[in-house]
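Novice: For the sequence shown, the tail end lands on 282 under the numbering used here, and the numbers increase by one without skipping.
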Amino acid sequence: MQKLIVRLRNEPFWTMFFAFAGMIFFLMVTQTLTQSIKSWELDTEMFLWFLLVGFVAQSIDGALGMAYGVSCNSILLGIGIPPAAASAWVHFAQVFTSLASGISHWKMGNVDWKLAKKLLIPGVLGSMLGAFLLSNVDGDLVKPVIAVYLLVMGFVILRKARRSHHATKFNRESRSLPVLATTGGFADAIGGGGWGPIVNSTLLSKGKIARYAIGTGNFVEFFVSLASASTFLFFVKELSLAPVLGLILGGVIAAPFAAYICKLVKPKHLMIAVGVLIILLSLRTFYISMF
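(1) List the whole-angstrom C-beta distance separating residue 216 from residue 82, where the pair is believed to meet the contact cut-off of C-beta under 8 Å.
(2) Taking residue 241 as the reference, give the member of 21, 48, 167 with the closest Cα.
(3) List the endpoints of the continuous alpha helix (DSSP H) containing residue 34.
(4) Can you give the Cα-Cα distance for residue 234 and residue 160, rounded to whole angstroms?
(5) With distances taken Cα to Cα, identify the nearest neighbour of residue 122 among 274, 71, 185, 78.
(6) Tell me the rounded alpha-carbon separation between residue 85 and residue 180.
(7) Grab me the residues of residue 152's own chain with a C-beta within less than 7 Å of its C-beta, minus the 5 sequence neighbours each way, in chain order.
(8) Within 10 Å of its beta-carbon, does residue 9 have 16 or more other beta-carbons around it, so buried, or fewer, so exposed?
(9) With a 10 Å radius around its C-beta and 16 neighbouring C-beta atoms as the bar for buried, classify residue 270 as buried or exposed.
(10) Can you give me the C-alpha to C-alpha distance between residue 37 and residue 272, rounded to a whole angstrom?
(11) Taking its Cβ as the centre, do 16 or more other Cβ atoms sit within 10 Å of residue 209, making it buried, or is it exposed?
(12) I need the DSSP call for residue 113, collapsed to helix, strand or coil.
(13) DSSP on residue 43, reduced to helix/strand/coil?
(14) By a C-beta neighbour count over all protein chains shown, 10 Å radius and 16 as the cutoff for buried, is residue 52 buried or exposed?
(15) Verify whether the separation of the beta carbon atoms of residue 173 and residue 116 is less than 8 Å.
(16) Around the C-beta of residue 237, are 16 or more other C-beta atoms found within 10 angstroms, so that it is buried, or is it exposed?
(17) Assess, as a yes-or-no matter, whether the stretch 198 to 209 is touched by the stretch 129 to 144 under the definition of 3 or more beta carbon pairs within less than 8 Å.
Encoded structure:
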């Protein structure tokens, strides 16, 4: 905590950004609890199903460092949830899961603050743009496009599972980093997930040490998810208690099991299974939306 206080004193950027993010987080939660949630009557069956979805998705994400949003969104679209509502639900839940993840990485010293600063603003702006577009486009028209995007993400995960990494020197001053963050934030909002597979994977492929690539990416992901969720709340009025609460609690319950999964299953085998699952779900969603 003392190191954080020193950093906030020396870098006004982080002081202002943390204060602004805290205000948005407070307003988003209070608005959701008072207005966006239609009824406090909990649909037990729906809650349990979304608890399972959140548990599975967070187990995957905790074991791989990615694929929470992609996994959740693939399942939600597969059961007929409209694209904007699905992405809104996922990102609202992900605000809490990514907050816990970001704090953990910060405490363990896995955050490269200079790199985080380069990714932060472009990632937030990209996610807000993606959320705005998705919220104002006909769900039936955009669903096939998102299905194709998720299909591509499935192949990206499979490719990452097969690829062998070669040591390269990471260039923190690369001009491609803001473009990468903007693309990752935009795709994450549009597809309900994708920040990890796009941003974290690229940082790793560019030679960033794994703990800093995943730690910094997950730290920034909280702000990206917060920007997406707060933007969705202005347009999506289908945020209900059962699915959101199920996704949040499922993710929280899964957190301690994710590390255990890592010990039992090799990451390569798990990534292949996740990639195949996402491909199958996206093909099903595309078929249903087109025919």
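C-beta: ideal position from N, C-alpha, C; glycine also.
If you're wondering where the values come from, they're calculated on a predicted model, not measured in any experiment.
Specialist: In short, the structure shows the following:
(1) That belief holds up - the Cβ atoms of residue 216 and residue 82 are roughly 5 Å apart, short of 8 Å.
(2) Checked all of 21, 48, 167; the closest Cα to residue 241 is 48.
(3) Where residue 34 is concerned, there is no enclosing alpha helix (DSSP H), given that its DSSP letter is neither H nor E.
(4) Their Cα atoms are separated by approximately 43 Å.
(5) Considering only alpha carbons, the answer is 78.
(6) Rounded to the nearest angstrom, the two C-alpha atoms are 12 Å apart.
(7) So the list reads 259, 262, 263, 266, once near-sequence residues are dropped.
(8) Counting other Cβ atoms within 10 Å of its Cβ, residue 9 stays below 16 and is therefore classed as exposed.
(9) With 16 or more other Cβ atoms within 10 Å, it is buried.
(10) A direct Cα-Cα distance of roughly 20 Å separates residue 37 from residue 272.
(11) When all chains shown are included, residue 209 counts as buried.
(12) DSSP, reduced to helix, strand and coil, places residue 113 within a helical segment of the structure shown.
(13) In this structure, residue 43 counts as helix in the three-state DSSP scheme.
(14) Per the 10 Å Cβ criterion, buried.
(15) By the CB criterion at 8 Å, residue 173 and residue 116 fall inside the cutoff.
(16) The residue is buried, with at least 16 neighbouring Cβ atoms inside 10 Å.
(17) Contact fails: fewer than three Cβ-Cβ distances are below 8 Å.
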